[in-house]
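Shown next, in structure tokens, is the structure this report addresses.
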Amino acid sequence: MTGEDEVIALHAALKGEMEKKLQWLQERGVSLGYNEYIAGDLAALLEYIEKKEITSIRLDELNKTWNAFGEETVEEIKSLVAGGADIDARNEDGWTALHYAAQNGNTDVVSLLLDRGADVNAVEEGGWTALHYGASNGNADMVSLLLDGGADVNAVEKDGRTALHYAAEYGNTDVVSLLLYRRANIDAVDKENHSPLIGMIWTISKEDLDEKIAVARLLLSSGSNPNYLSVSVAKASLEQHRMGLLACAHHWHDCYEKGKPLTKIPSEVIEGGEDAVRTFLDDLEKTSVDQLVYRSKVCIVGPSTWGKTSLVKSMTKNEPLPENIEDRTIAMMERRRNSTM
Numbered sequence: 001m002t003g004e005d006e007v008i009a010l011h012a013a014l015k016g017e018m019e020k021k022l023q024w025l026q027e028r029g030v031s032l033g034y035n036e037y038i039a040g041d042l043a044a045l046l047e048y049i050e051k052k053e054i055t056s057i058r059l060d061e062l063n064k065t066w067n068a069f070g071e072e073t074v075e076e077i078k079s080l081v082a083g084g085a086d087i088d089a090r091n092e093d094g095w096t097a098l099h100y101a102a103q104n105g106n107t108d109v110v111s112l113l114l115d116r117g118a119d120v121n122a123v124e125e126g127g128w129t130a131l132h133y134g135a136s137n138g139n140a141d142m143v144s145l146l147l148d149g150g151a152d153v154n155a156v157e158k159d160g161r162t163a164l165h166y167a168a169e170y171g172n173t174d175v176v177s178l179l180l181y182r183r184a185n186i187d188a189v190d191k192e193n194h195s196p197l198i199g200m201i202w203t204i205s206k207e208d209l210d211e212k213i214a215v216a217r218l219l220l221s222s223g224s225n226p227n228y229l230s231v232s233v234a235k236a237s238l239e240q241h242r243m244g245l246l247a248c249a250h251h252w253h254d255c256y257e258k259g260k261p262l263t264k265i266p267s268e269v270i271e272g273g274e275d276a277v278r279t280f281l282d283d284l285e286k287t288s289v290d291q292l293v294y295r296s297k298v299c300i301v302g303p304s305t306w307g308k309t310s311l312v313k314s315m316t317k318n319e320p321l322p323e324n325i326e327d328r329t330i331a332m333m334e335r336r337r338n339s340t341m
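Rendered as structure tokens:
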């Protein structure tokens with residue numbers, strides 16, 4: 001086998017793993033469509049199956065099969081590398097074996113390739129590194145492994161997007177948290193001047209709103225600035241639910257700046273748009289003020305010889321209280337909202 005043949009075989013083994021996974025799912029009536037990438041991450045796939053309430057797949061069988069596919073690939077790669085295959089060789093799209101392994105979610109193969117000296121920051125023709133694939137797949141173990149192997153956490157692809165952009169866009173809170181911990185630039189902007197937060201808001205759908213709200217809160221509680229996209233531009237470009245989340249982002253940023261906890265805002269409110277969010281926050285503020293009024297502490301003044309009945313009588317009948325300050329005593333009562341109101 002020539003060196004070129006070995007490279008072809010190396011890439012084919014890695015591509016074949018994903019193809020086998022997709023075929024196995026299709027044989028059981030599961031087509032992932034544009035979500036094909038999650039077949040590379042067992043945890044993400046299990047979450048998808050649960051969310052879609054898929055009953056045609058036994059989870060124990062899935063776990064066993066995925067492990068078997070991964071082990072087969074590891075053995076193939078070991079054999080090819082031992083035979084002298086160039087692990088950093090590229091195909092016509094600039095992909096290396098590490099790109100395929102990261103996309104497949106096979107941490108054992110990635111570990112093997114890194115141990116053999118694979119270039120962890122190799123880029124394909126679109127500028128993607130293996131880290132971009134690991135982050136977009138939502139595979140926190142893969143991302144951690146690549147970062148430990150020297151991956152540049154702030155590497156950008158041809159559109160200027162980092163791994164954090166993709167982790168946020170796909171709603172992967174675990175990966176977002178990990179990347180931030182590993183010092184990813186939280187407000188890195190791509191060629192459209194979108195930070196990970198704004199890029200995520202720009203593409204959010206109603207179906208994944210809850211996941212994106214969690215990502216937004218994580219980014220904003222870590223100091224992300226939503227002001228990279230002006231509200232005037234957003235109003236002309238964003239759908240209602242996106243405008244709702246953008247309004248939340250500005251409010252949560254204010255909370256962060258003031259050192260306050262981020263207000264919990266229901267997804268149903270956010271889906272209603274900017275006006276719905278502002279109305280909710282206004283009502284919440286009014287409710288807080290009302291609670292302060294009805295639960296405020298009142299200083300009751302009266303002679304020390306008065307009993308509770310006299311004090312109440314003074315309050316209800318507006319009877320005058322003594323002017324002599326030396327003959328006063330102070331009692332504290334808490335006014336509570338009348339239950340019949």
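For the sequence shown, the positions run 1 to 341 when full-length UniProt numbering is used.
C-beta atoms are modelled at their ideal positions from N, C-alpha and C, and glycine is treated no differently.
Note that the coordinates shown come from a computational prediction; the quantities given were computed from them, not determined experimentally.
- Within its own chain, the residues whose Cβ lies closer than 8 angstroms to the Cβ of Thr203, once the five positions on either side in sequence are excluded, are Glu169, listed in chain order.
- Selection Lys52, Leu46, Ser79, Leu80 evaluated against Lys64 yields Leu46 as nearest (Cα-Cα).
- Residues Ile54, Ser56, Ile57 of the same chain have their beta carbon placed closer than 7 angstroms to that of Val30, with the five preceding and five following residues left out of the count.
- The criterion of a C-beta distance shorter than 8 angstroms is satisfied by Ala44 and Gly138.
- Comparing alpha carbon positions, the residue from Arg242, Ser195, Val189 closest to Ile201 is Arg242.
- Comparing alpha carbon positions, the residue from Ile77, Trp66, Glu27, Ala68 closest to Ala13 is Ile77.
- Here Tyr170 carries a coil assignment [DSSP, helix/strand/coil].
- With respect to the 8 angstroms criterion, His132 and Glu92 are not classified as neighbours on the basis of their beta carbons.
- Within the model, the alpha-carbon separation for Gly272 versus Leu22 is close to 37 angstroms.
- Here Leu112 is not near Ala130, since their CB atoms are 8 angstroms or more apart.
- One alpha carbon belongs to Asn225, the other to Gly199, and they sit about 12 angstroms apart.
- The alpha-carbon of Glu192 is positioned some 42 angstroms away from that of Leu80.
- Membership of Gly70 in the alpha helix (DSSP H) is indicated by the continuous run 59-82.
- In this structure, Val109 keeps its C-beta atom at 8 angstroms or more from the C-beta atom of Ala135.
- The three-state secondary structure of Val156, taken from DSSP, is coil.
- Ala122 sits in coil when the DSSP states are folded into three classes, being neither helix nor strand.
- Counting only the Cα atoms, Gly16 lies some 15 angstroms from Gln26.
- Distance from the CA atom of Val189 to the CA atom of Thr162, rounded to whole angstroms, is 9 angstroms.
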